[in-house]
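Undergrad: Handing you a structure now.
There are 4 protein chains.
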Amino acid sequence: MDREARRRSILAAARDVFSDKGYHAAKVEDIVSRAGIARGTFYLYFTDKRAIFEELLDSFTVRIYDAVKVVDPREGPPSVFDQLAANVGRVLDLALAERGLVKLLLTHAVGLDPTLDAKLLAFYDELATQIERSLARGQAMRLVRPCDARMLALALLGAMKELIYRTAVAGYDVDRQRLIDELLRFSLGGVLAEPYARHTAVA
Amino acid sequence: MDREARRRSILAAARDVFSDKGYHAAKVEDIVSRAGIARGTFYLYFTDKRAIFEELLDSFTVRIYDAVKVVDPREGPPSVFDQLAANVGRVLDLALAERGLVKLLLTHAVGLDPTLDAKLLAFYDELATQIERSLARGQAMRLVRPCDARMLALALLGAMKELIYRTAVAGYDVDRQRLIDELLRFSLGGVLAEPYARHTAVA
Amino acid sequence: MDREARRRSILAAARDVFSDKGYHAAKVEDIVSRAGIARGTFYLYFTDKRAIFEELLDSFTVRIYDAVKVVDPREGPPSVFDQLAANVGRVLDLALAERGLVKLLLTHAVGLDPTLDAKLLAFYDELATQIERSLARGQAMRLVRPCDARMLALALLGAMKELIYRTAVAGYDVDRQRLIDELLRFSLGGVLAEPYARHTAVA
Amino acid sequence: MDREARRRSILAAARDVFSDKGYHAAKVEDIVSRAGIARGTFYLYFTDKRAIFEELLDSFTVRIYDAVKVVDPREGPPSVFDQLAANVGRVLDLALAERGLVKLLLTHAVGLDPTLDAKLLAFYDELATQIERSLARGQAMRLVRPCDARMLALALLGAMKELIYRTAVAGYDVDRQRLIDELLRFSLGGVLAEPYARHTAVA
DNA sequence: GATGAATGAGCATTCATTCAT
DNA sequence: GATGAATGAATGCTCATTCAT
Numbered sequence: 000m001d002r003e004a005r006r007r008s009i010l011a012a013a014r015d016v017f018s019d020k021g022y023h024a025a026k027v028e029d030i031v032s033r034a035g036i037a038r039g040t041f042y043l044y045f046t047d048k049r050a051i052f053e054e055l056l057d058s059f060t061v062r063i064y065d066a067v068k069v070v071d072p073r074e075g076p077p078s079v080f081d082q083l084a085a086n087v088g089r090v091l092d093l094a095l096a097e098r099g100l101v102k103l104l105l106t107h108a109v110g111l112d113p114t115l116d117a118k119l120l121a122f123y124d125e126l127a128t129q130i131e132r133s134l135a136r137g138q139a140m141r142l143v144r145p146c147d148a149r150m151l152a153l154a155l156l157g158a159m160k161e162l163i164y165r166t167a168v169a170g171y172d173v174d175r176q177r178l179i180d181e182l183l184r185f186s187l188g189g190v191l192a193e194p195y196a197r198h199t200a201v202a
Numbered sequence: 000m001d002r003e004a005r006r007r008s009i010l011a012a013a014r015d016v017f018s019d020k021g022y023h024a025a026k027v028e029d030i031v032s033r034a035g036i037a038r039g040t041f042y043l044y045f046t047d048k049r050a051i052f053e054e055l056l057d058s059f060t061v062r063i064y065d066a067v068k069v070v071d072p073r074e075g076p077p078s079v080f081d082q083l084a085a086n087v088g089r090v091l092d093l094a095l096a097e098r099g100l101v102k103l104l105l106t107h108a109v110g111l112d113p114t115l116d117a118k119l120l121a122f123y124d125e126l127a128t129q130i131e132r133s134l135a136r137g138q139a140m141r142l143v144r145p146c147d148a149r150m151l152a153l154a155l156l157g158a159m160k161e162l163i164y165r166t167a168v169a170g171y172d173v174d175r176q177r178l179i180d181e182l183l184r185f186s187l188g189g190v191l192a193e194p195y196a197r198h199t200a201v202a
Numbered sequence: 000m001d002r003e004a005r006r007r008s009i010l011a012a013a014r015d016v017f018s019d020k021g022y023h024a025a026k027v028e029d030i031v032s033r034a035g036i037a038r039g040t041f042y043l044y045f046t047d048k049r050a051i052f053e054e055l056l057d058s059f060t061v062r063i064y065d066a067v068k069v070v071d072p073r074e075g076p077p078s079v080f081d082q083l084a085a086n087v088g089r090v091l092d093l094a095l096a097e098r099g100l101v102k103l104l105l106t107h108a109v110g111l112d113p114t115l116d117a118k119l120l121a122f123y124d125e126l127a128t129q130i131e132r133s134l135a136r137g138q139a140m141r142l143v144r145p146c147d148a149r150m151l152a153l154a155l156l157g158a159m160k161e162l163i164y165r166t167a168v169a170g171y172d173v174d175r176q177r178l179i180d181e182l183l184r185f186s187l188g189g190v191l192a193e194p195y196a197r198h199t200a201v202a
Numbered sequence: 000m001d002r003e004a005r006r007r008s009i010l011a012a013a014r015d016v017f018s019d020k021g022y023h024a025a026k027v028e029d030i031v032s033r034a035g036i037a038r039g040t041f042y043l044y045f046t047d048k049r050a051i052f053e054e055l056l057d058s059f060t061v062r063i064y065d066a067v068k069v070v071d072p073r074e075g076p077p078s079v080f081d082q083l084a085a086n087v088g089r090v091l092d093l094a095l096a097e098r099g100l101v102k103l104l105l106t107h108a109v110g111l112d113p114t115l116d117a118k119l120l121a122f123y124d125e126l127a128t129q130i131e132r133s134l135a136r137g138q139a140m141r142l143v144r145p146c147d148a149r150m151l152a153l154a155l156l157g158a159m160k161e162l163i164y165r166t167a168v169a170g171y172d173v174d175r176q177r178l179i180d181e182l183l184r185f186s187l188g189g190v191l192a193e194p195y196a197r198h199t200a201v202a
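Protein chains in written order, with numbering that gives the first Met the number 0: chain A, 0 to 202; chain B, 0 to 202; chain C, 0 to 202; chain D, 0 to 202.
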């Protein structure tokens, strides 16, 4: 087994253990025994327990970044709606494929320590900023109504996080396409029925 | 100092310490020294470190439950919109008044262990269910468009959590009224500008 | 058992263990089991293994300093010779009474780490400087021949260290008074027999 | 590079590393990386870390033995004094040429473990015995005054050790010839000025 | 012979909890 | 009830040595 393969297998073992037990309850012993290596071998590949945890997080956040493409608002297929749907779909698919890592990101990495908290905040900030820019571009094109783009970006991010958490981790079982559609329709048009939509919202 | 007062002062000390350092980094020593009591005294009031943490969480979730009133859709002041705004406002005010507890709930309690995770999930489930019921009532009255009420409830919950977290913990500075308005308008009417609202959302 | 007594009993246990096995081979487990306390208790009294070792050394060096009195060269009993003999005697008695600490000082503390080495060097420097000053005073009074007082001070220090080490640690069995006499006669008059004393030394 | 040359280069690397860091702080990794060989190769040349350390010590003590020649008291050049001076000079030159090994011998090898301690003691014993024999021969010829030859041998050995340690390791800067002269004059004639030499010493 | 990846025994330290006073 | 000294289980990490290639 070459160096890279072994490294990956340790990462996989760590992902599973961290995901199952959380950072503190996960012992290095758990990781190495699951990976089928000796204790010392672990430290040939990673400087310490913390480092492998961070690497798992970092590489997962990169994959999430990669799943989110900037929406091109110019007409023509795919439409803006379809591009948004594709983004949501890619992130959702990634989450469903990597439930363990989602658990790490949304549960076990939270509140571990100030440094990691800052890192997570920066990650979500970056995502929120991307959403915010999309909203701002939409506003420039008069597609999006006047609003506090930052705040709505955070709201959209929160909605997405909760749905992904529920779907990928907490056993909320729902049809992929259904989730994408509902999330987008909600994001774009809110919850109100037609006759009241404008009226009440303005109230 | 009578038993109840001492108990409360230990709880307050624990809240501050947990909020500052998180569950694991908070030592019983930190709590008792802040409370000005002896180490052993702590165990006269709480069975263990875990118990006081849970009690802080539990009593805070009760206060949140209390802040959320069932919306009465029958006409007449306050309007539905105002009732919703009042709910959001009360939760937000509570969060701003108890930033330490918000940090516990949204950060330090997350991922601590399976039991606590289940408890948190149940708490959010309950909130989501209340939102879901409101949506369902709205649907029955044709105020709310046809949708997956559960899913939208989760989305709304997530949006609220994120905004509260940012506002109460992560230093996102925003005007209280502004936040309530934007959150409600977004929830009710989404992000799209009028001419596109129905059209695109249906697409 | 009050705090001070327990502290002393731990110090005594540590002294014995360090003396028997040396710093590295001495395990905290050895110390606490000899002291009849729990592992954690050790850390209530000393910050770490290193700290207790240093404290043993420091307090012993203080006792050695105290054993060495400045020699008063003015005539009258006790004579200079007797004062010197008293100094040597006190240091020797201390060494014989605390063979374990002598072993620490002359064996186990040597080469442990740069910080400790510097500390030891400073200790011996101080002793050498005291001897050097005595020699210089003797030179001023024409009692001591012209010489490099620093160098002779180091030579005298080394002679003393070796004899103490042999006597207190390495099983060199010798009469106390004999050792004091021989050491002083050697220090004062060297090894040569009378007729050759001046002649050869000048050669 | 033939076997012997490689062996020597590993020894040289080990000498430097041990001398810099001491036995415990010196890692096999440090030695092999300095020697430019693989970790496993080290064990092809030496059974273990301890063995290479001992070999360094052993070969150095042999060189010291070789530097010390038995003093021939029969008249004729070189005189006894010159022969003694030559001995001291050779040892001193060796020490100055091999400061690293001196550090090993006088610092890092001390207190490592009982076996090594015994070895060092035996080495110094041998040197002391040589000095003792010289003194005894001197006594037989009435050159050396009556004294406990063993004790004075130890004192002389200690003086020499301290001066060599200071000069070769601890940065005590002194002229080679000066040191030899002072040490010999002190050894032969002590510290007292002429008029007091016999008188006081006898007191 | 040379390599260097793998091994795993070994250990200082922390801290929640207990209990004698 | 209050105290705080004592407890001891628990764990991340190091590093000398081995051995398959």
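C-beta: ideal position from N, C-alpha, C; glycine also.
Does the beta carbon of residue 106/A come closer than 7 Å to any beta carbon on chain B?
TA: For the purposes of this step, residue 106/A is identified with residue 107 of the first sequence, where counting begins at 1. It does; some Cβ of chain B falls within 7 Å.
Undergrad: Please confirm whether residue 43/C has its beta-carbon closer than 7 Å to some beta-carbon of chain D.
TA: Stepping through the third sequence from its first residue, residue 43/C is reached at position 44. It does not: the Cβ of residue 43/C has no partner Cβ on chain D nearer than 7 Å.
Undergrad: Could you tell me which residues DSSP puts in a beta bridge with residue 156/D?
TA: Position 157 of the fourth sequence, counted from the first residue, corresponds to residue 156/D. Residue 156/D is not bridged to any residue.
Undergrad: Taking the straight line between their C-alpha atoms, what separation do you get for residue 149/A and residue 84/A?
TA: On the first sequence, position 150 is the one that residue 149/A refers to. On the first sequence, position 85 is the one that residue 84/A refers to. Rounded to whole angstroms, residue 149/A to residue 84/A spans 21 Å at the Cα level.
Undergrad: Quick check: what's the CA-CA separation for residue 21/B versus residue 52/A?
TA: Against the second sequence, residue 21/B aligns to sequence position 22. Against the first sequence, residue 52/A aligns to sequence position 53. Approximately 18 Å, taken between the alpha carbons.
Undergrad: Closest Cβ-Cβ distance between residue 186/B and chain A: below 7 Å?
TA: Residue 186/B sits at position 187 when you count from the first residue of the second sequence. By this cut-off, residue 186/B is an interface position.
Undergrad: Any beta carbon of chain D sitting closer than 7 Å to that of residue 157/C?
TA: On the third sequence, residue 157/C is found 158 positions in, with the first residue counted as 1. Interface residue, yes.
Undergrad: If the criterion is Cβ atoms closer than 7 Å, does the pair residue 121/A and residue 93/A meet it?
TA: Counting from 1 along the first sequence, the entry for residue 121/A is found at position 122. Counting from 1 along the first sequence, the entry for residue 93/A is found at position 94. Contact flag unset, no.
Undergrad: Can at least three beta-carbon pairs, one atom from the stretch 57 to 64 of chain A and one from the stretch 99 to 118 of chain A, be found at a separation below 8 Å?
TA: As far as the Cβ criterion goes, the stretch 57 to 64 of chain A touches the stretch 99 to 118 of chain A, which means the pair count is three or higher.
Undergrad: Could you work out which residues of chain D lie near residue 3/C, taking near to mean beta carbons separated by less than 8 Å?
TA: Taking the first residue of the third sequence as 1, we reach residue 3/C at position 4. Ordered by position in chain D, no residue passes the 8 Å Cβ test against residue 3/C, which lies about 30 Å from the chain.
Undergrad: Pick from 184/A, 33/A, 115/A and 26/A: whose alpha carbon is nearest that of residue 11/A?
TA: By one-based count along the first sequence, residue 11/A stands at place 12. Looking at the Cα atoms, 33/A is the closest of the given residues.
Undergrad: DSSP on residue 111/D, reduced to helix/strand/coil?
TA: As a first step, residue 111/D is located in the fourth sequence; it is residue number 112 there, counting from the start. Coil, per DSSP.
Undergrad: Consult DSSP for residue 142/C and reduce its assignment to one of helix, strand or coil.
TA: Position 143 of the third sequence, counting from 1, holds the residue named residue 142/C. In this structure, residue 142/C counts as coil in the three-state DSSP scheme.
Undergrad: Which partner residues does residue 56/B have in the DSSP bridge list?
TA: Here the question's residue 56/B lines up with position 57 in the second sequence. BP columns for residue 56/B are empty, so no partner.
Undergrad: What alpha helix (DSSP H) runs, 4 residues minimum, are completely inside the stretch 16 to 102 of chain A?
TA: Segments of the alpha helix (DSSP H) lying fully in the stretch 16 to 102 of chain A: 27 to 34, 38 to 44, 48 to 66, 79 to 96 and 98 to 102.
Undergrad: Indicate whether the contact test is met: 3 or more Cβ pairs, each with one atom in the stretch 142 to 160 of chain A and one in the stretch 150 to 157 of chain B, closer than 8 Å.
TA: These segments touch.
Undergrad: Taking 7 Å as the threshold (beta carbon to beta carbon), is residue 20/B in contact with chain A?
TA: Walking along the second sequence from the start, residue 20/B turns up at place 21. No, because no Cβ of chain A sits closer than 7 Å to the Cβ of residue 20/B.
Undergrad: What's the call for residue 1/B, buried or exposed, on a 16-neighbour Cβ count within 10 Å?
TA: Numbered from 1 along the second sequence, position 2 holds the residue referred to as residue 1/B. Result: exposed.
Undergrad: Per DSSP, which one or two residues make a beta bridge with residue 191/B?
TA: Here residue 191/B is taken as the residue at index 192 of the second sequence, counted from 1. Residue 191/B is bridged to 143/A.
Undergrad: For residue 94/B, which residues in chain A fall below 9 Å Cβ to Cβ?
TA: Position 95 of the second sequence, counted from the start, is the residue given in the question as residue 94/B. Those within 9 Å of residue 94/B in chain A number zero; the least Cβ separation is about 14 Å.
Undergrad: Compare the C-beta of residue 150/C against all C-beta atoms of chain D and say whether one is closer than 7 Å.
TA: Counted from its first residue, the third sequence places residue 150/C at position 151. By this cut-off, residue 150/C is an interface position.
Undergrad: Under 7 Å between beta-carbons, which chain B residues line up against residue 68/A? List them in chain order, please.
TA: Your numbering for residue 68/A matches position 69 in the first sequence. Result: empty, since nearest Cβ-Cβ is about 19 Å, beyond 7 Å.
Undergrad: Does the separation of the CB atoms of residue 76/C and residue 140/C fall below 7 Å?
TA: In the third sequence, residue 76/C corresponds to position 77, counting from 1. In the third sequence, residue 140/C corresponds to position 141, counting from 1. Not closer than 7 Å, so no.
Undergrad: Of all the CB atoms in chain B, is at least one closer than 7 Å to the CB of residue 126/A?
TA: Reading the first sequence from its first residue, position 127 is the one you call residue 126/A. No, residue 126/A does not count as interfacial toward chain B.
Undergrad: Taking 7 Å as the CB-CB cut-off, is residue 88/B touching chain A?
TA: For the purposes of this step, residue 88/B is taken as the residue at position 89 of the second sequence. Output row for residue 88/B: interface = no.
Undergrad: Alpha carbon to alpha carbon, how far is residue 115/B from residue 35/C? Give it in angstroms, no decimals.
TA: For this step, residue 35/C is matched to residue 36 along the third sequence. For this step, residue 115/B is matched to residue 116 along the second sequence. If I take the Cα positions, the gap works out to 40 Å.
Undergrad: So, helix, strand or coil for residue 197/C, using DSSP?
TA: For the purposes of this step, residue 197/C is taken as residue 198 along the third sequence, with counting starting at 1. Note that residue 197/C scores 49 on pLDDT, short of 50, meaning its location in the model is unreliable; the coordinates nonetheless yield the value given after this. The answer is helix: DSSP assigns residue 197/C an H, G or I state.
Undergrad: Compute the Euclidean distance between the alpha carbons of residue 42/C and residue 19/C, then round it to the nearest angstrom.
TA: By one-based count along the third sequence, residue 42/C stands at place 43. By one-based count along the third sequence, residue 19/C stands at place 20. Rounded to whole angstroms, residue 42/C to residue 19/C spans 22 Å at the Cα level.
Undergrad: Between 184/A, 166/A and 9/A, which has its C-alpha nearest residue 38/A's C-alpha?
TA: As a first step, residue 38/A must be located in the first sequence, where it is residue number 39. Checking every option, the nearest Cα to that of residue 38/A belongs to 9/A.
Undergrad: Only counting the same chain, and skipping five residues up and downstream in sequence, which positions put a Cβ closer than 8 Å to that of residue 54/B?
TA: For the purposes of this step, residue 54/B is taken as residue 55 along the second sequence, with counting starting at 1. So the list reads 10 and 45, once near-sequence residues are dropped.
Undergrad: Would you mind stating whether residue 190/D and residue 143/C have Cβ atoms separated by less than 7 Å?
TA: Start at 1 with the first residue of the fourth sequence, and residue 190/D comes out as number 191. Start at 1 with the first residue of the third sequence, and residue 143/C comes out as number 144. Against a cut-off of 7 Å, the Cβ pair of residue 143/C and residue 190/D comes out as a contact.
Undergrad: Which whole-angstrom value is the C-beta distance of residue 185/B and residue 151/A, which I expect to be below 8 Å?
TA: The count along the second sequence starts at 1 and reaches residue 185/B at position 186. The count along the first sequence starts at 1 and reaches residue 151/A at position 152. Yes, residue 185/B and residue 151/A are in contact; Cβ-Cβ is about 5 Å, under 8 Å.
Undergrad: Within 7 Å (strictly less), CB to CB, does residue 200/B reach chain A?
TA: As a position in the second sequence, residue 200/B is number 201, starting the count at 1. The predicted position of residue 200/B is uncertain, since its pLDDT is 42 and thus under 50; a value taken from the coordinates is nonetheless stated next. With 7 Å as the cut-off, residue 200/B counts as an interface residue toward chain A.
Undergrad: Taking all protein chains shown into account, decide if residue 202/A is buried (16 or more other Cβ within 10 angstroms of its Cβ) or exposed.
TA: Here residue 202/A corresponds to residue number 203 of the first sequence, with the count starting at 1. Unreliable positioning characterises residue 202/A in this predicted model, as indicated by a pLDDT of 38, which lies under 50. The coordinate reading is nonetheless provided below. It is exposed - the Cβ of residue 202/A has fewer than 16 other Cβ atoms within 10 Å.
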